[in-house]
Amino acid sequence: MTGDWVSLFSGGKDSSWALYRALADGLNVSRLLTVHPSGDSYMYHTPATRLASLAAESVGIELIEIEPEDFGADEVDDSGAQGDDELEPMEAALAELADDDAIDLEGVTAGAVESAFQTDRIRGMCDRLGIDLYAPLWQEDPIELAEAMFDAGFEIRIVGVAAHGIDDSWLGRQYDADALAELVELRDAYGVHPLGEGGEFETYVVDGPHMDRRIDLTYETVWDGTRGHIEVTDATLR
Numbered sequence: 255m256t257g258d259w260v261s262l263f264s265g266g267k268d269s270s271w272a273l274y275r276a277l278a279d280g281l282n283v284s285r286l287l288t289v290h291p292s293g294d295s296y297m298y299h300t301p302a303t304r305l306a307s308l309a310a311e312s313v314g315i316e317l318i319e320i321e322p323e324d325f326g327a328d329e330v331d332d333s334g335a336q337g338d339d340e341l342e343p344m345e346a347a348l349a350e351l352a353d354d355d356a357i358d359l360e361g362v363t364a365g366a367v368e369s370a371f372q373t374d375r376i377r378g379m380c381d382r383l384g385i386d387l388y389a390p391l392w393q394e395d396p397i398e399l400a401e402a403m404f405d406a407g408f409e410i411r412i413v414g415v416a417a418h419g420i421d422d423s424w425l426g427r428q429y430d431a432d433a434l435a436e437l438v439e440l441r442d443a444y445g446v447h448p449l450g451e452g453g454e455f456e457t458y459v460v461d462g463p464h465m466d467r468r469i470d471l472t473y474e475t476v477w478d479g480t481r482g483h484i485e486v487t488d489a490t491l492r
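For what it's worth, this note's numbering labels the leading residue of the sequence shown as 255, then goes sequentially.
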């Protein structure tokens with residue numbers, strides 16, 4: 255039997271796809287780990303992370319939740335130092351797991367696609383802890399990745415937007431083939447990444463082949479004229 259794996263998990267499409275691929279490859283994912291930053295973050299997905307617990311319930315894997323103090327990423331000048339600071343609570347939680355005699359921690363999964371800022375720090379953390387990193391999206395073609403998610407049956411909703419060309423009409427919209435085609439056009443016009451790798455948009459997976467029940471959302475939209483997010487008022491497993 256393989257050792258235990260922890261999936262770094264926000265409920266968004268990229269971390270969910272990494273989890274799905276890990277399970278398909280036979281990795282023993284025994285824990286999900288979510289960080290809830292209270293402000294903007296360089297390292298973590300921020301909108302709708304409170305819904306990670308509902309996604310974890312649907313997936314059927316125990317969730318570990320971390321609530322560090324506000325990182326203040328919107329106020330700091332040294333992004334590198336900030337990224338290192340943001341990693342510390344995650345690393346501490348994983349170190350505690352590694353010391354648990356009931357767990358044989360083998361590695362973590364991560365959903366990074368192109369961000370060396372995030373991936374280099376996660377890889378360094380894994381090296382310090384003596385564990386492996388499983389990053390199945392890393393440096394893969396973003397359009398092919400999105401299409402693979404659609405083909406697998408992922409139902410993905412856009413929960414946050416912050417980019418030229420993406421207005422409030424995208425909030426709550428399904429991220430599907432039509433949305434992807436529009437995002438490719440926006441990439442040519444504004445440099446928008448088709449997977450939102452630069453923070454242009456954030457997502458939440460409401461259904462997929464790795465989930466037992468679909469998640470229904472009721473929400474309001476919050477928009478300041480240039481960026482926005484959904485404010486979930488109710489979420490249930492169907």
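Built from N, CA and C at the ideal position, the CB exists for glycine as well.
Here the structure is a predicted model, which is why all the values come from computation and not from measurement.
Look at the alpha carbon of residue i and the alpha carbon of residue j, and state the distance between them as a whole number of angstroms.
i: ARG285; j: ASP405; result: 26 Å
i: GLU340; j: GLU436; result: 33 Å
i: SER264; j: ALA335; result: 23 Å
i: THR480; j: ALA416; result: 7 Å
i: ILE318; j: HIS418; result: 35 Å
i: SER307; j: TYR473; result: 17 Å
i: PRO247; j: GLU321; result: It is not possible to answer for residue 247, since the shown part of the chain is limited to 255 through 492.
i: ALA349; j: ASP432; result: 42 Å
i: THR256; j: GLY414; result: 37 Å
i: GLY426; j: ALA400; result: 17 Å
i: PRO390; j: GLY407; result: 18 Å
i: VAL460; j: THR487; result: 15 Å
i: TRP424; j: ASP355; result: 46 Å
i: ILE385; j: ALA366; result: 17 Å
i: PHE325; j: PRO291; result: Legend: pLDDT at PHE325 = 47, less than 50; position of this residue unreliable, value from coordinates given subsequently. Answer to the nearest angstrom: the Cα atoms are 7 Å apart.
i: ILE484; j: ASP422; result: 10 Å
i: ILE469; j: GLY314; result: 14 Å
i: TYR245; j: LEU471; result: Residue 245 is absent from the model: the chain starts at 255 and stops at 492.
i: ILE357; j: ASP381; result: 18 Å
i: ASP446; j: ASP395; result: According to the sequence displayed, residue 446 carries Val and not Asp. The alpha-carbon atoms of VAL446 and ASP395 are separated by roughly 15 Å.
i: GLY266; j: ALA352; result: 26 Å
What is the DSSP secondary structure of residue i, counted as helix, strand or coil?
i: ASP328; result: Legend: pLDDT at ASP328 = 49, less than 50; position of this residue unreliable, no value from coordinates given.
i: ILE376; result: helix
i: ALA489; result: strand
i: SER312; result: helix
i: ASP279; result: coil
i: ARG285; result: strand
i: GLU451; result: coil
i: GLU439; result: helix
i: ALA417; result: strand
i: ARG304; result: helix
i: LEU434; result: helix
i: SER423; result: helix
i: TYR429; result: coil
i: SER270; result: helix
Please check the pair residue i and residue j, which I expect to be a contact at CB under 8 Å, by giving their CB distance rounded to whole angstroms.
i: SER261; j: ARG467; result: Wrong, their Cβ atoms sit about 19 Å apart, outside the cutoff.
i: SER369; j: GLU451; result: 6 Å
i: ILE412; j: LEU440; result: With a Cβ gap of about 13 Å, ILE412 and LEU440 do not count as contacting.
i: ALA489; j: LEU305; result: 6 Å
i: MET379; j: GLU409; result: Not a contact, Cβ separation roughly 31 Å.
i: MET403; j: TRP271; result: 6 Å
Evaluate residue i with the Cβ neighbour count: other Cβ atoms within 10 Å of its Cβ, from every protein chain shown; 16 or more gives buried, anything less gives exposed.
i: LEU281; result: buried
i: THR363; result: buried
i: PHE371; result: exposed
i: ASP268; result: buried
i: THR288; result: buried
i: TYR388; result: buried
i: PRO463; result: exposed
i: ALA310; result: buried
i: ASP258; result: buried
i: GLU456; result: buried
i: ALA276; result: buried
i: ALA327; result: With a pLDDT of 47 at ALA327, under the threshold of 50, the modelled position of this residue cannot be trusted, and the question is left open.
i: ARG375; result: buried
i: LEU449; result: buried
i: LEU491; result: exposed
Which runs of the alpha helix (DSSP H) fall wholly inside the segment 336-406 and span at least 4 residues, in chain order? 370-383 and 396-406
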